[in-house]
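See below for the structure under consideration.
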Amino acid sequence: MLSSYIPLKKITIILTIGLICLFTNTYAQKYDPFDGKAQDFHARLTRYFKSPEDEKASLKLLSDSTAAFHKDSVWNLNNLRVHLDRYESLLVSQQRHLQYYRLVCYKNNKDTLAQHTGQKIDESIDVLQNTVNGILQKVPFTTINSTQLNKYNLVKYQYLLAQAKQNAVHNLSDHDERLINKLLDDHLIDRYDALMDNIKADSITYNGKKYNPVNDKQIFLKSPDSLLRKMGMTAYYQAYANHAEVLAATLIDITKQRTALFKAYGFKSAPERTYAHKLQLSEASVKQMLTEMTTHADVLKAYQQLQTDQVKRITGISHVHSWDTTLPMGFTWQPLPFSKVQPLVLDALAPLGTEYVQHFAYLLNPANGELDIAQGPNRVTEFTSVGFPRVPESLYMKSYGGALSDVSRLIHEGGHAIHEQFMSENLSVPSYVKGPTFLYESYAMLNELLLLDALEKKDTTVKGKAFYTKQFLDKLSLEVFTSAEEGSFEQGLYDGVVAGNINTQADVDSLYAGIMNKYDSYFPNEPQRHSEWINKRLVFDDPLYNVNYLYAMLVTCKLYELQHNDSKAFATDYTALLKNGFDAPANVLLKKFMGFDLNNTALLSGALQLMRDKTAQLKALYAQY
Ligand SMILES: [Zn+2]
């Protein structure tokens, strides 16, 4: 399967974007955003290899040199620099083939040969990385000191060596590792996916028309009829709640399994390991952030109240529910052809500085062959940058249809592409392209906020301005507050299961309700949502990941604030941060380049103030309706 070598982060990102894109492009099929020039919007594969034959020959040579590298087992301080240089160079060559195959496979999901070859290359990269890490996790490399780093010309590899040493603490014997892997495979996640795929519900009839509660959620949410919305959403929640008992058991089993797994690796708890791994933060620090967040629920509630009042005013509904708040408020987005997206996106990104905009302009020029966004018959549903240092950069989107969600994806995924391009031009150690996901997501989300700002400024109508301001607020409340709710739920789940307090569906529901009642002013009046946690796929598929979105958006908001305070200095510092890659922990990099760190209180205050300001702005606009 191709998906096995699409990094998980990309999949999770698609899920998040999916949440904000209720207004997706149903008209995309009929509308031609490329003005009859769709053929220009496919990436040029000759940027990777002159021809498929050339690629095959190159891959054969690479396989030989990789085998030779593995055979050369004598590693010592004298030859470490040479070995690491060779390793990085092999990694780049392997990645050139891998990124090429990713593109080929995205463009044609029927190309099983390319999928197979891509998977083999991916495995070969894993073996290469694991081998080198295994070597670096042993003496004398774990005891290397600064004098030796200088003496053996290893300063640039300092962080690589430090990371290997850090991971070595949690190594198990091969025998134990094999046993654990055998016991703890993905069968529980598979069970969740199978259950969810098979959830059915009896159809409901309204005004003589039949609806399927599981498939017609978007129809319910978009319906101007409040009774249909309520009836439909109630049936939707009920369809999943009917299976809550077995899904709660699955969730509790996943929680127990992961707790045991990470304890075997020497961690105190699953959260401790996951936060350290993904956020580079301690469990105590994340818990403190989640507790602090609950004291600011009033900021979310104020926005919800504003929406409630506006929906009441426009529709006359007396009891407004959560499913009423996505109703259109008198503004309809018009599909945007690509020729108009280019200037819009570049204008929106101007605050990030000339160099950033120049790079983005190059990406968006189809003549340069980096874009692969026009639709085709067998394209994979994926939206992602495709790149690695010293390898050509590409941007793949299943299609571009001119919807706002398409433009948001373009500026978000394009942001990842530009970041990769900056690193490609500047990194002396290609491995430093990899860092904590939340950090590079925060950069891409900054682009989305800047896009909404630019659209809001450009629009001359009150309803248009209100529409973009609401989009901005929805994005903020999703990433900050929904992520905080989910983060608290997961932390509570792990704590509760370990303590023996969470054993049944009622326990899980009660944990969820306790958190939601604090944050969400709609929840107490919507008993239908008691088992809403079922639809939070990441809670099952990638446990304890949700809180990453909270940190990502908090960093985004801080960057946004700095940009607004001193745009010139910001552009210079920010570009330097992007070019630097990840040769230190996130906290250190943010402090060094941007002057702030992941200190909870300071980071939070900026995001909350931005949300208050935007809520006030929206209130003033609604007043003019
Ligand atoms: Zn992203």
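Start counting at 1 in the sequence shown, then tack on 4, and there's your number in the numbering used here.
Cβ atoms here follow ideal geometry from the backbone N, Cα and C, with glycine treated the same way.
Residue i, enclosing alpha helix (DSSP H) - first and last residue
i: Thr560; result: Val551 to Asn569
i: Met297; result: Glu287 to Thr298
i: Tyr269; result: Segment: none, Tyr269 is in no alpha helix (DSSP H) and carries neither H nor E.
i: Lys305; result: Ala301 to Thr319
i: Pro275; result: Ala274 to Lys282
i: Tyr436; result: Element bounds for Tyr436: n/a, residue is neither H nor E.
i: Val484; result: Taken as a continuous stretch (DSSP letters only), Val484 belongs to no alpha helix (DSSP H), as it is neither H nor E.
i: Gly334; result: Here Gly334 belongs to no alpha helix (DSSP H), and DSSP marks it neither H nor E.
i: Glu359; result: Thr358 to Leu368
i: Ser230; result: Ser230 to Ala245
i: Asn521; result: Gln509 to Tyr523
Which of helix, strand or coil DSSP assigns to residue i
i: Val466; result: helix
i: Leu26; result: Residue confidence is low: Leu26 scores 33 on pLDDT, short of 50, so the model does not pin down where it sits. Its coordinate-derived value is still stated next. Residue state, collapsed to three classes: coil.
i: Pro672; result: Look at the range of the chain in this structure, 5 to 629, and you will see that residue 672 is not part of it.
i: Lys64; result: helix
i: Leu614; result: helix
i: Pro547; result: coil
i: Ile193; result: helix
i: Asp39; result: coil
i: Leu95; result: helix
i: Leu602; result: coil
i: Gln33; result: Below a pLDDT of 50, predicted positions are generally treated as unreliable, and Gln33, at 49, falls in that range; the measurement from the model is reported next regardless. Three-state DSSP puts Gln33 in coil, outside helix and strand.
i: Asp376; result: strand
Pairwise C-alpha distance: residue j and residue i
i: His534; j: Ser289; result: 29 Å
i: Leu622; j: Thr299; result: 23 Å
i: Val159; j: Leu153; result: 5 Å
i: Tyr31; j: Leu375; result: With a pLDDT of only 41 at Tyr31, under the threshold of 50, the placement of this residue in the model should not be trusted; the figure read from the coordinates follows. Those two C-alpha atoms are separated by around 22 Å.
i: Leu548; j: Pro332; result: 34 Å
i: Ile193; j: Leu265; result: 15 Å
i: Lys316; j: Asp229; result: 14 Å
i: Ser7; j: Lys54; result: Interpretation of Ser7 is limited by its pLDDT of 33, a score under 50 that renders its predicted location unreliable; no figure is taken from the coordinates.
i: Tyr244; j: Ile203; result: 7 Å
i: Ser128; j: Ser326; result: 48 Å
i: Asn489; j: Glu57; result: The identity of residue 489 in the sequence shown is Glu, whereas the question assumes Asn. Spanning the two alpha carbons is a distance of roughly 52 Å.
i: Gly357; j: Gln567; result: 10 Å
i: Arg51; j: Val250; result: 51 Å
i: Asn185; j: Ser492; result: 28 Å
i: Leu625; j: Pro355; result: 25 Å
i: Asn569; j: Tyr366; result: 28 Å
i: Thr70; j: Leu480; result: 46 Å
i: Ile377; j: Glu386; result: 10 Å
i: Pro589; j: Thr319; result: 50 Å
i: Asn451; j: Leu348; result: 12 Å
i: Glu181; j: Lys572; result: 51 Å
Among the options, nearest to residue i - alpha-carbon criterion
i: Gln261; options: Thr473, Arg182, Asp190 and Thr388; result: Asp190
i: Gly122; options: Val131, Met200, Gln98 and Thr576; result: Gln98
i: Leu456; options: Gln308, Leu350, Asp570 and Gly518; result: Leu350
i: Glu417; options: Val395, Glu397 and Ala448; result: Ala448
i: Asp220; options: Met237, Tyr549, Leu231 and Asp229; result: Met237
i: Tyr161; options: Leu102, Tyr196, Leu132 and Arg90; result: Arg90
i: Pro531; options: Val108, Tyr241, Asp257 and Thr385; result: Tyr241
i: His174; options: Glu296, Ser230, Asp130 and Gly138; result: Gly138
i: Thr259; options: Thr619, Ile506 and Asp524; result: Ile506
i: Pro339; options: Gly357, Gly405 and Ala280; result: Gly405
i: Gln309; options: Tyr523, Lys64 and Leu251; result: Tyr523
i: Thr147; options: Gly380, Thr576 and Leu81; result: Leu81
i: Val501; options: Thr263, Val143, Leu164 and Tyr35; result: Thr263
i: Thr605; options: Leu188, Lys291, Asp130 and Arg106; result: Lys291
i: Lys382; options: Pro393, Thr388, Ser398 and Lys402; result: Here residue 382 turns out to be Asn, not Lys, going by the sequence shown. Of the listed residues, the one whose Cα sits closest to Asn382 is Lys402.
i: Gly599; options: Glu445, Leu480, Ala280 and Ala580; result: Ala580
i: Tyr163; options: Gln362, Leu176, Phe485 and Phe145; result: Phe145
i: Arg106; options: Gln314, Ala253, Glu296 and Val384; result: Val384
i: Gly334; options: Lys41, Ser207 and Lys467; result: Lys467
i: Ile538; options: Met200, Val303 and Phe426; result: Met200
i: Arg195; options: Glu424, Lys142, Thr254 and Asp115; result: Thr254
i: Gln314; options: Ala470, Asn149 and Ser389; result: Ala470
Enclosing beta strand (DSSP E) for residue i [first to last residue]
i: Gly391; result: Phe387 to Phe392
i: Ile139; result: Per DSSP, Ile139 belongs to no beta strand (DSSP E); it is in the alpha helix (DSSP H), Thr116 to Leu140.
i: Leu353; result: From DSSP, Leu353 is part of no beta strand (DSSP E); its letter is neither H nor E.
i: Met401; result: Val395 to Met401
i: Ile208; result: Ile208 to Tyr210
i: Lys214; result: Lys213 to Tyr215
Is it the case that the region 599-617 contacts the region 455-471, given that we only count it when at least three CB pairs across the two stretches are under 8 Å? no
Is it true that the region 408-417 meets the region 431-442, where meeting means three or more beta-carbon pairs spaced less than 8 Å apart? no
Any chance the region 268-277 sits against the region 474-481, with 3 or more Cβ pairs inside 8 Å? no
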